[in-house]
Amino acid sequence: MAGMNGNGREHQHTITALVQNHPGVLARVAGLFARRGFNIESLAVSVTENPEVSRMTIVARGDDRVIEQITKQLNKLIEVIRVVDYIEHAAVERELALIKVNAEPKDRSEILQLAEVFRGRVIDVGEKTFLIELTGGPDKIDAFARLMAPYGIREMARTGVIAMARGTKTA
Amino acid sequence: MAKMSGAQILLECLRQEGVEFIFGYPGGAVLPIYDALYDYQDIKHILVRHEQGAAHMADGYARATGKVGVCLATSGPGATNLITGIATAQMDSIPIIALTGQVRTTYIGKDAFQETDAIGISMPITKHNFLLRRTEDIPRVIAEAFYIARSGRPGPVLVDIPLDVSLGKIEWDPSQYNRNVDIPSYRPTYKGHEMQIRKAAQAIKEAKRPVLYVGGGAVQSGAQAEVTELSERTNILVTTTLMGKGAIDENHPNCLGMLGMHGTAYANHAVHNCDLLIAVGARFDDRVTGKLDQFAKYAKVIHIDIDPAEIGKVVHCDIPIVGDVKTVLRELLKYVEPRPATEWNRQIMEWKKRFPLIYPKDGQMHAEYVIDEIWRVTEGNAIVTTGVGQHQMWAAQYYKVKRPRQFITSGGLGTMGFGMPAAIGVQLAFPNEKVVCIDGDGSFQMTVQELMTAVVYELPIVVAIINNRSLGMVRQWQELFWSERYSEVDLQASPDFVKLAEAYGAIGMRVTKAEDVEPALREALSQKHKPVIIDFVVPTEENVYPMIPSGQSIEQMMLRKDLEQLRATVDTDGEEWSFADQDAILKQFVEQPSRQ
Ligand SMILES: Cc1ncc(C[n+]2csc(CCOP(=O)(O)OP(=O)(O)O)c2C)c(N)n1
Ligand SMILES: [Mg+2]
Chain A
131 MAGMNGNGRE HQHTITALVQ NHPGVLARVA GLFARRGFNI ESLAVSVTEN
181 PEVSRMTIVA RGDDRVIEQI TKQLNKLIEV IRVVDYIEHA AVERELALIK
231 VNAEPKDRSE ILQLAEVFRG RVIDVGEKTF LIELTGGPDK IDAFARLMAP
281 YGIREMARTG VIAMARGTKT A
Chain B
23 MAKMSGAQIL LECLRQEGVE FIFGYPGGAV LPIYDALYDY QDIKHILVRH
73 EQGAAHMADG YARATGKVGV CLATSGPGAT NLITGIATAQ MDSIPIIALT
123 GQVRTTYIGK DAFQETDAIG ISMPITKHNF LLRRTEDIPR VIAEAFYIAR
173 SGRPGPVLVD IPLDVSLGKI EWDPSQYNRN VDIPSYRPTY KGHEMQIRKA
223 AQAIKEAKRP VLYVGGGAVQ SGAQAEVTEL SERTNILVTT TLMGKGAIDE
273 NHPNCLGMLG MHGTAYANHA VHNCDLLIAV GARFDDRVTG KLDQFAKYAK
323 VIHIDIDPAE IGKVVHCDIP IVGDVKTVLR ELLKYVEPRP ATEWNRQIME
373 WKKRFPLIYP KDGQMHAEYV IDEIWRVTEG NAIVTTGVGQ HQMWAAQYYK
423 VKRPRQFITS GGLGTMGFGM PAAIGVQLAF PNEKVVCIDG DGSFQMTVQE
473 LMTAVVYELP IVVAIINNRS LGMVRQWQEL FWSERYSEVD LQASPDFVKL
523 AEAYGAIGMR VTKAEDVEPA LREALSQKHK PVIIDFVVPT EENVYPMIPS
573 GQSIEQMMLR KDLEQLRATV DTDGEEWSFA DQDAILKQFV EQPSRQ
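Quick note, the sequences are listed as chains A and B, same order.
Residues 131 to 301 (the numbering used here) make up the first sequence, in order.
Residues 23 to 618 (the numbering used here) make up the second sequence, in order.
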């Protein structure tokens, strides 16, 4: 009989958990991931349209068995209301990034052009820097960050992915 | 409506939950609760000697009765002392409520005197926990805590109660207490999926070599009748886990005893060769499976469990059925057709004959002999608790129980020191039953202080110390796998257990000869108001067999050395094994079941 220790092919999954908005619920989820050795790539938490419910979006890597265990173990937490694993394309995924990039006078127009292509906005202009705000899927943000790297990224903050199903379907 | 303090409300809620006993120990943060207990008649408080004992007592009480056990400790060190006991309950899915005092809500997070983060510490070892913030939340939280502890897959729940919450006074009437809890985010599944159940019935019909592998879930859901009926109707033989002992009467001819590391050889052979493994409320623990890719490698798996997360956690499952074991088995029995005993049954019986559970019949007082005698003298009716180690495994092998909740042991966590406090919880729940703790000399010393508790409450528990003057199980591993380098396993330096018993006001006895075992047991078991400690001085250098070394498979199974040697003398090279030869050998051993 085959063991279940994740020896299949790994995928990245975006999992949304609706949880009761209680103090400590984040610690429960984070503790669960740490304790069971699940790897989280990102975790975003905030309240929803219902102030008693929070939404956690977790991006995790693992093969099918690991992901199945993650969703089951999440569901087992008393305060977790529902868990959805967004399989590819069923959901829109977005992330917000703030990137502070070196912007010497000679580079400024180039950076601005690139930001425009990515529909980024410059929200602060310093003596030597731009602070650029960008939303999009993680790939888009990765790509933009790669393009900014040659100028020198001083600081970057990303919110982590949030996701929602298309159409009338809800989590 | 009268004004009541939080502490009074708490006790009232506990009473309405049917709580008979609180096992606890006082301290600053729980003073209001102890003050309320002072003249509260409906719940009996049992004053322990260490909070770990309180948790194990609540646990033993819960295991024996199926009800929720309750323990109570103060903040800080009181709460941390409970932790081992809570973790023990968590690993075996036992419903207990741990009530801990906490510093005032306004002091929380300020490193106040005796503040520890009981919620944070207990999070990984509880099913759920609550920090009470307001006195008015007590009834709802207590109702939810009991509901969560006992429903679905049971487990421990901790409720942390700050001092100001138990002190606070509000208008409240006991009639307002509402036990009908509904937590929308927590709705366990009890009824199995009908299609899956039909599929399981079909798989049973088609199987050539099926085996039932039954765990603690069957005990918890009270499914003995269903397990037995399924086995009888289909002639599928049953092996149980340590936690599953009693899920079928172990005297039943269909019972193969325990499987796994120290399971019977025939149970392990059956599981190894089966083509259908019907897992019933069992979780494929590594002490059961050994090497995973070898475990039941030819088998299709049906897995019945109330916890969906158990399905597919360790092994692949072909037919998962999520639901309460008893409910699912009842449904399954509607579809399962009678099946005759087959060649497969005959094969397993041959293994049973060929690899019996035996110990030498040489007049020496072996541990197995002592346990066999306890079984005989109590007619298999005692409720048995154990410590952890060799004695625990021998008890599991040789004390055959008739019913669920009769064998009480720390399986998942393997907590030395569990046995005696658990026995106290059991004896309080069942004053008229014989309660025997089969303990190790090491395990006994881990919670020995609770002997005082047993004396004070006049509990006639019998503690049979299988005294090998050693941390025997560790010694066994060092002998077999660590080149006989016996590092720190010698317990020659131990107190005189007879004098120790007497110092506590209990009865102490020492037995060194086989013929004295029975009379000592009879005398001990005749006590009505005093605990008895019997120091059974057994040989040190003995091992528990069979043994499948950790992480290995049945091919590496070790049998008793003396049996193997004897076999070698009879078993001539290349010739077939004959049962006549075997019978000659077995004359020198006692076979379990010894005297039916
Ligand atoms: C609290 C705790 N500490 C350590 C262990 C590791 N351990 C497992 S069995 C064992 C020896 C137990 O000795 P004893 O109670 O005398 O039982 P025996 O094996 O000799 O029958 C030890 C130390 C444990 N299970 N629990
Ligand atoms: Mg010992």
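Glycine included, each C-beta is placed from N, C-alpha and C at the ideal position.
- Taken in chain order, the complete beta strand (DSSP E) segments of 3 residues or longer contained in the segment 532-582 of chain B are 554-559.
- Boundaries of the beta strand (DSSP E) around M286/A: I283 to R288.
- Contact fails between the segment 455-463 of chain B and the segment 525-533 of chain B, because fewer than three Cβ pairs, one in each stretch, are under 8 Å apart.
- Inter-residue distance for L189/B and T431/B is about 38 Å (C-alpha atoms, whole angstroms).
- Runs of the alpha helix (DSSP H) lying entirely within the segment 91-170 of chain B, each at least 4 residues long, are 99-113 and 140-144 in chain order.
- Contact check between the segment 292-305 of chain B and the segment 203-212 of chain B: fewer than three CB pairs, one atom from each, fall below 8 Å, which does not count as touching.
- The shortest C-alpha to C-alpha distance from G385/B to any of S27/B, V406/B, S243/B and V612/B is the one to V612/B.
- Beyond the five residues adjoining it in sequence on each side, K227/B comes within less than 7 Å, by CB distance, of E359 in the same chain, given in chain order.
- The criterion of a C-beta distance shorter than 7 Å is satisfied by I487/B and F519/B.
- Closer than 7 Å to the CB of I188/A there is not a single CB belonging to chain B.
- Exclusion of Q112/B from the 6 Å shell around ligand 1 follows from its C-beta lying no nearer than that to any non-hydrogen atom of the ligand.
- The three-state secondary structure of Q218/B, taken from DSSP, is helix.
- Between the C-alpha atoms of A84/B and F168/B there is a straight-line separation of about 12 Å.
- Residue state for D307/B is assigned as coil, using DSSP reduced to three classes.
- Under the three-state reduction of DSSP, D346/B is assigned to coil, being neither helix nor strand.
- The beta carbon of E586/B sits closer than 6 Å to no other beta carbon from its chain once the five residues preceding and following it are set aside.
- A direct Cα-Cα distance of roughly 8 Å separates A404/B from W397/B.
- Bounds of the beta strand (DSSP E) holding Q142/A are H141 to Q150.
- With 16 or more other Cβ atoms from the protein chains shown falling within 10 Å of its own Cβ, R497/B counts as buried.
- Taking a contact as a CB-CB distance under 8 Å, the pair Q150/A and V183/A counts as one, their CB atoms being some 7 Å apart.
- Per the Cβ contact rule, the segment 247-260 of chain B is not in contact with the segment 316-336 of chain B (fewer than 3 Cβ pairs under 8 Å).
- L226/A and E263/A have their C-alpha atoms spaced approximately 7 Å apart.
- Closest option to I370/B, judged by alpha-carbon separation, among K66/B, Q30/B, I380/B and P275/B: P275/B.
- Shortest gap from the CB of D463/B to any heavy atom of ligand 2: under 6 Å.
- When Cβ pairs closer than 8 Å are counted between the two stretches, the segment 136-152 of chain B is seen to touch the segment 171-178 of chain B, the count reaching three or more.
- Neighbours of G527/B across chain A, judged by C-beta separation under 9 Å, do not exist; the nearest C-beta is about 44 Å away.
- For K230/A, the secondary structure class from DSSP, reduced to helix, strand or coil, is strand.
- About 6 Å separates the CB atoms of R352/B and E248/B; that is less than 8 Å, so the two are in contact.
- Taking a C-beta cut-off of 9 Å against chain A, the contacting residues of the segment 139-158 of chain B are I141, G142, M145, P146, K149, H150, N151, L153 and R155, listed in chain order.
- Counting the other Cβ atoms within 10 Å of the Cβ of I217/A gives fewer than 16, which makes it exposed.
- For Y56/B and Y62/B, the gap between their C-alpha atoms comes out near 10 Å.
- With distances taken between CA atoms, T261/B lies nearest to H291/B out of S465/B, H291/B and A222/B.
- Looking at the DSSP output, Y235/B bridges to T261/B and A301/B.
- The Cβ neighbour count for Y235/B, taken over all protein chains shown within 10 Å, is at least 16; the residue is labelled buried.
- For the segment 160-181 of chain A, the beta-carbon criterion of a distance under 7 Å to any beta-carbon of chain B is satisfied by G161 and R165.
- According to DSSP, I170/A shares a beta bridge with A190/A.
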